[in-house]
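Numbered according to the working numbering, the sequence shown terminates at residue 929, and the numbering increases by one at each position without gaps. Every residue, glycine too, gets a C-beta built ideally from N, C-alpha and C.
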Amino acid sequence: MKIFSESHKTVFVVDHCPYMAESCRQHVEFDMLVKNRTQGIIPLAPISKSLWTCSVESSMEYCRIMYDIFPFKKLLMAALAAVGPPNPRADPECCSILHGLVAAVETLCKITEYQHEARTLLMENAERVGNRGRIICITNAKSDSHVRMLEDCVQETIHEHNKVAANSDHLMQIQRCELVLIHTYPVGEDSLVSDRPKKELSPVLTSEVHSVRAGRHLATKLNILVQQHFDLASTTITNIPMKEEQHANTSANYDVELLHHKDAHVDFLKSGDTHLGGSSREGPFKETITLKWCTPRTNNIVFSSISELHYCTGAYRISPVDVNSRPSSCLTNFLLNGRSVLLEQPRKSGSKVISHMLSSHGGEIFLHVLSSSRSILEDPPSISEGCGGRVTDYRITDFGEFMRENRLTPFLDPRYKIDGSLEIPLERAKDQLEKHTRYWPMIISQTTIFNMQAVVPLASVIVKESLTEEDVLNCQKTIYNLVDMERKNDPLPISTVGTRGKGPKRDEQYRIMWNELETLVRAHINNSEKHQRVLECLMACRSKPPEEEERKKRGRKREDKEDKSEKAVKDYEQEKSWQDSERLKGILERGKEELAETEIIKDSPDSPEPPNKKPLVEVDETPPVEKSKGPVSLLSLWSNRINTANSRKHQEFAGRLNSVNNRAELYQHLKEENGMETTENGKASRQ
Numbered sequence: 243m244k245i246f247s248e249s250h251k252t253v254f255v256v257d258h259c260p261y262m263a264e265s266c267r268q269h270v271e272f273d274m275l276v277k278n279r280t281q282g283i284i285p286l287a288p289i290s291k292s293l294w295t296c297s298v299e300s301s302m303e304y305c306r307i308m309y310d311i312f313p314f315k316k317l318l319m320a321a322l323a324a325v326g327p328p329n330p331r332a333d334p335e336c337c338s339i340l341h342g343l344v345a346a347v348e349t350l351c352k353i354t355e356y357q358h359e360a361r362t363l364l365m366e367n368a369e370r371v372g373n374r375g376r377i378i379c380i381t382n383a384k385s386d387s388h389v390r391m392l393e394d395c396v397q398e399t400i401h402e403h404n405k406v407a408a409n410s411d412h413l414m415q416i417q418r419c420e421l422v423l424i425h426t427y428p429v430g431e432d433s434l435v436s437d438r439p440k441k442e443l444s445p446v447l448t449s450e451v452h453s454v455r456a457g458r459h460l461a462t463k464l465n466i467l468v469q470q471h472f473d474l475a476s477t478t479i480t481n482i483p484m485k486e487e488q489h490a491n492t493s494a495n496y497d498v499e500l501l502h503h504k505d506a507h508v509d510f511l512k513s514g515d516t517h518l519g520g521s522s523r524e525g526p527f528k529e530t531i532t533l534k535w536c537t538p539r540t541n542n543i544v545f546s547s548i549s550e551l552h553y554c555t556g557a558y559r560i561s562p563v564d565v566n567s568r569p570s571s572c573l574t575n576f577l578l579n580g581r582s583v584l585l586e587q588p589r590k591s592g593s594k595v596i597s598h599m600l601s602s603h604g605g606e607i608f609l610h611v612l613s614s615s616r617s618i619l620e621d622p623p624s625i626s627e628g629c630g631g632r633v634t635d636y637r638i639t640d641f642g643e644f645m646r647e648n649r650l651t652p653f654l655d656p657r658y659k660i661d662g663s664l665e666i667p668l669e670r671a672k673d674q675l676e677k678h679t680r681y682w683p684m685i686i687s688q689t690t691i692f693n694m695q696a697v698v699p700l701a702s703v704i705v706k707e708s709l710t711e712e713d714v715l716n717c718q719k720t721i722y723n724l725v726d727m728e729r730k731n732d733p734l735p736i737s738t739v740g741t742r743g744k745g746p747k748r749d750e751q752y753r754i755m756w757n758e759l760e761t762l763v764r765a766h767i768n769n770s771e772k773h774q775r776v777l778e779c780l781m782a783c784r785s786k787p788p789e790e791e792e793r794k795k796r797g798r799k800r801e802d803k804e805d806k807s808e809k810a811v812k813d814y815e816q817e818k819s820w821q822d823s824e825r826l827k828g829i830l831e832r833g834k835e836e837l838a839e840t841e842i843i844k845d846s847p848d849s850p851e852p853p854n855k856k857p858l859v860e861v862d863e864t865p866p867v868e869k870s871k872g873p874v875s876l877l878s879l880w881s882n883r884i885n886t887a888n889s890r891k892h893q894e895f896a897g898r899l900n901s902v903n904n905r906a907e908l909y910q911h912l913k914e915e916n917g918m919e920t921t922e923n924g925k926a927s928r929q
């Protein structure tokens with residue numbers, strides 16, 4: 243990059259032709275200059291300045307602002323003081339503006355002190371010191387063709403003087419020149435010259451044309467141009483309390499507009515606080531940022547205590563726009579006397595934010611930019627606190643690992659691509675960073691696969707530019723492990739933050755996991771053919787055979803049955819009614835079988851005749867427990883169900899059916915024949 247820009251040299255050329263002696267037709271009232279007017283005196287007639295006076299004053303105001311903010315290394319020609327007012331009777335050819343343009347080009351070819359020092363320091367790289375400048379010409383052109391003639395004159399002069407400078411040690415060739423032509427004319431007349439934006443006439447010369455009315459309009463135009471040429475910005479200080487001259491005990495609020503380098507507003511531009519902008523007092527085409535006056539403090543208080551020391555990110559010289567106004571004069575004197583003023587951003591709601599401070603150092607006033615955010619001297623906030631104190635599940639550990647993997651290091655040995663071209667280390671680093679961030683969720687609750695240790699081998703390998711056969715096998719093994727996890731119905735680390743209930747079911751969790759894994763792999767399939775093989779393996783494992791789908795359905799039914807434990811009471815009643823019906827059905831069938839068995843026993847000579855010749859169990863003689871409508875214990879229900887199932891397999895012993903407490907009375911016929919009671923402990927007793 244070349245040293246020294248167009249703003250290093252600026253040459254003013256003001257037309258001194260007889261026409262510039264004409265009035266600008268903008269009147270100045272004498273009443274504005276006299277404080278106490280004596281009664282009975284006839285006021286003087288208003289006066290008006292000439293075009294020449296307006297041009298010189300506007301040029302001097304341009305120079306004043308530039309020198310206030312840039313007192314060093316910015317050069318302006320100061321030869322206007324030796325030039326008298328234009329003579330209306332002078333020969334126009336003798337005072338042609340062309341002579342001034344030629345002199346301006348000659349001045350730009352001269353080496354300045356700063357350029358000489360830079361060339362001496364660089365020595366071998368002296369060609370890096372550039373020679374650029376700007377010519378501001380204020381004239382009264384006759385037409386657009388007259389403007390083109392002036393531009394051609396400057397272009398030809400630059401070409402001729404560059405030839406001379408090429409063979410000289412005391413001159414430098416002009417590498418770039420900006421020509422700013424300002425056509426000024428009296429108020430009330432029509433302009434004969436049209437405006438034209440910046441246009442490149444040659445590789446060395448650019449030109450722009452401004453048609454402006456004289457008087458305050460010309461001063462405003464130069465005020466805007468000085469901001470454009472030197473990257474300045476405007477700040478308006480509002481609510482400045484000042485005592486009235488006529489009423490010493492009263493005060494009023496005034497506004498003062500200041501110019502400074504635009505870097506003082508860099509925080510506003512970054513934060514997007516466009517509501518701070520407004521129209522300047524110079525007109526709607528000039529923007530300004532409004533800051534509110536705060537309670538001033540003396541310098542010894544501001545800088546003596548560490549608690550009152552303000553952390554500044556920059557300090558910039560200022561220049562009042564209306565330097566001769568009473569509010570501007572009072573403000574500058576107030577600051578030069580050792581006072582400092584804090585400035586705050588106007589806000590509709592919330593606490594006030596102190597963003598700037600005005601203070602003087604060594605007789606110069608600076609606008610200090612205060613840090614409105616957290617100071618670097620304080621402990622930084624923990625990221626675990628979350629943005630605004632709400633989001634607390636950032637992947638902090640994973641992000642630290644991500645930064646270690648993408649750390650920039652010095653690159654000494656050159657590398658070549660496959661096509662033989664030299665690989666630029668910075669571009670290679672950007673390409674790697676792009677691959678690692680194609681799919682990288684920031685929040686833990688937004689991902690499943692990055693919360694699973696089983697997916698780490700695949701996630702760390704798939705981002706590579708090229709894969710080996712071992713990498714492909716590791717990825718396939720990871721996919722098979724996930725399939726095995728799904729077959730076993732293992733749980734997944736699904737976040738339930740912000741959801742009600744138990745969250746998605748198990749099969750839905752695996753569907754989310756497979757979709758996210760496919761998104762990760764598809765983001766890198768263009769890297770190589772082996773990445774495509776990993777995707778094919780993944781898609782093949784996702785397509786399940788019919789028996790596998792049937793198994794998943796059965797698993798879902800079993801899972802649904804386990805999740806319905808809260809309906810146990812209702813299921814208990816249904817089971818009880820089913821068991822009652824089954825028991826009754828079993829008793830009826832068993833009664834029929836025993837009737838048939840009784841007929842068989844009567845015809846058999848080897849079996850004794852049963853004591854009762856009627857059926858042992860009748861339909862209407864069901865046990866009282868069976869007919870009870872009250873609650874039944876779970877043991878009774880289970881025993882009845884087992885007995886019912888056993889009755890279908892074999893015929894129950896007749897004595898057990900008529901027994902009491904599972905005790906059957908044996909040999910009842912002996913009691914009837916011998917009149918003996920039942921044998922007890924091997925002994926018989928007579929009744």
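query: Limits of the alpha helix (DSSP H) - the one that PHE246 falls within; result: From DSSP, PHE246 is part of no alpha helix (DSSP H); its letter is neither H nor E.
query: The alpha helix (DSSP H) enclosing GLU586, as first and last residue numbers; result: That residue, GLU586, is in no alpha helix (DSSP H); its beta strand (DSSP E) goes 581–587.
query: Local conformation of ALA456 per DSSP, three classes; result: coil
query: Length of the line joining the Cα atoms of ASP564 and THR532; result: 16 Å
query: Three-state secondary structure assigned by DSSP to GLU264; result: coil
query: Counted within 10 angstroms of its Cβ, other Cβ atoms place ILE843 as buried (16 or more) or exposed; result: For ILE843, the predicted structure reports a pLDDT of 39, less than 50, and the residue's modelled location is therefore unreliable. A value from the coordinates is still provided. With fewer than 16 other Cβ atoms within 10 Å, it is exposed.
query: Between the CA atoms of ASN373 and GLN415 - distance to the nearest angstrom; result: 7 Å
query: CA-to-CA distance, GLU431 to PHE254, given in whole angstroms; result: 25 Å
query: Which listed residue (GLU606, GLY605 and SER601) has its alpha carbon closest to that of LEU612; result: SER601
query: PRO288, DSSP secondary structure in three states; result: coil
query: Proximity to ILE736 [Cα-Cα], best of GLU750, ARG729 and LYS730; result: GLU750
query: Residues near ASP752 by beta carbon distance below 6 Å, same chain, minus five either side; result: Sequence check: residue 752 is Tyr here, not Asp. Cβ within range, chain order: GLU728.
query: Segments assigned alpha helix (DSSP H), at least 4 residues, entirely inside the region 655–716; result: 667–678 and 698–703
query: Cβ pair MET781, THR690 closer than 8 Å; result: no
query: Residue(s) in a DSSP beta bridge with VAL763; result: For VAL763, which the question treats as bridged, DSSP gives no partner whatsoever.
query: LEU317 - partner residues in DSSP beta bridges; result: LYS251
query: Beta strand (DSSP E) segment containing GLY375, residue limits; result: 374–381
query: Cβ separation of VAL347 and VAL396, assumed to be a contact under 8 Å, to the nearest whole Å; result: 7 Å
query: For SER807, the three-state DSSP class (helix, strand or coil); result: Note that SER807 scores a pLDDT of 48, beneath 50, so its modelled location is shaky; the value from the coordinates is reported in the next line. Helix, per DSSP.
query: Alpha carbon of GLU931 to alpha carbon of ASP505, nearest angstrom; result: Coverage of the chain is limited to positions 243 through 929, which leaves residue 931 absent and any answer about it impossible.
query: Cβ shell of ARG455 (< 6 Å), same chain only, five flanking positions each side left out; result: VAL429
query: Pairwise C-alpha distance: LEU464 and SER301; result: 7 Å
query: LEU392: first and last residue of the uninterrupted alpha helix (DSSP H) it sits in; result: 386–408
query: Selected residue, minimal CA-CA separation from ASN579, among LEU364, THR679 and ILE607; result: ILE607
query: Sufficient close CB pairs (3 or more, under 8 Å) joining the region 639–647 to the region 664–673; result: no
query: Close Cβ partners of ARG458 (< 8 Å) along its chain, the five nearest in sequence each way excluded; result: GLN268
query: Contacts around GLU760, its chain only, beta-carbon distance under 8 Å, and the 5 residues preceding and following it disregarded; result: LEU777, LEU780, MET781 and ARG784
query: Whether LEU501 touches SER571 by CB criterion (8 Å); result: no
query: Assigned exposure category for MET230 - 16 Cβ within 10 Å defines buried; result: The requested residue 230 is not part of the displayed model; the chain covers only 243 to 929.
query: Sequence-distant residues of its chain with Cβ nearer than 7 Å to MET308 (five each side left out); result: LYS316, LEU318, VAL468 and PHE472
query: Limits of the alpha helix (DSSP H) - the one that HIS341 falls within; result: 339–351
query: Boundaries of the alpha helix (DSSP H) in which ILE884 is found, first to last residue; result: 876–889
query: Own chain residues within Cβ distance below 6 Å of TYR942, not counting five before or after; result: Residue 942 cannot be examined here, being either before or after the span of the chain that is shown, 243 to 929.
query: In DSSP terms, what ASN768 is bridged to; result: DSSP lists no partner for ASN768.
query: Neighbour-count burial assignment, THR710, 16 or more Cβ in a 10 Å radius; result: exposed
query: ILE400 beta carbon near the ligand FAD (any heavy atom closer than 7 Å); result: By its list of ligands, the structure shown contains no ligand whatsoever, and the ligand FAD lies outside what it can speak to.
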